[in-house]
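The next block holds one structure in the form of structure tokens; read it before the comments.
Residue numbers (the UniProt record's numbering): 1 to 131.
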């Protein structure tokens with residue numbers, strides 16, 4: 001059939017195409033991100049941080065995404081292989097959001113302090129051995 005025939009099937013530009021399913025490695029990465037996000041939220045939300053700031057490669061702008069929306073985006077990515085468009089917060093205060101790298105470093109710092117302070121750890125803090 002010729003693509004110029006009226007009866008010829010052609011691409012349907014009105015219906016969205018389904019993205020390919022995530023690979024096992026991609027799924028594992030998203031699951032890791034969900035777990036990390038929960039740790040970040042647990043540690044940072046009580047300090048007044050409202051979510052994550054993400055650099056968008058499509059528009060070269062920062063997007064401020066609250067904790068619940070970021071979690072929903074990751075779950076949607078896991079279930080559907082893509083995330084939908086969401087309305088960004090109106091006039092967000094950039095000081096209320098941190099980058100993923102900052103949140104990760106903060107969590108690592110909290111874990112390191114907790115490890116040093118753990119009784120019997122043999123490391124730093126009040127349980128350090130005197131030389």
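Every residue, glycine too, gets a C-beta built ideally from N, C-alpha and C.
- Beta-bridge partners assigned by DSSP to residue 62: 55.
- Residues of the same chain with their beta carbon placed closer than 6 Å to that of residue 45 are lacking, with the five preceding and five following residues left out of the count.
- In its chain, beyond the 5 residues on either side, 30, 77, 78, 81 have a beta carbon closer than 8 Å to the beta carbon of residue 22.
- Bridge pairing for residue 97: 51 [DSSP].
- Apart from sequence neighbours up to five positions away, the residues of its chain that approach residue 41 with a beta-carbon distance below 7 Å are 67, ordered along the chain.
- The continuous alpha helix (DSSP H) containing residue 75 extends over residues 67 to 80.
- Measuring C-alpha to C-alpha distances from residue 48 to each of 115, 119, 95, 109 identifies 95 as the nearest.
- Under the three-state reduction of DSSP output, residue 84 falls in the coil class, being neither helix nor strand.
- Residue 105 has its alpha-carbon roughly 27 Å from the corresponding atom of residue 91.
- Between residue 26 and the set 65, 64, 117, 74, the nearest pair of CA atoms involves 74.
- Around the beta carbon of residue 24, a 10 Å sphere encloses fewer than 16 other beta carbons of the protein chains shown; the residue is thus reported as exposed.
- The beta carbon of residue 56 is closer than 8 Å to those of 62, 63 in its chain, skipping five residues each way along the sequence.
- Collapsing the DSSP output to three states places residue 91 in coil.
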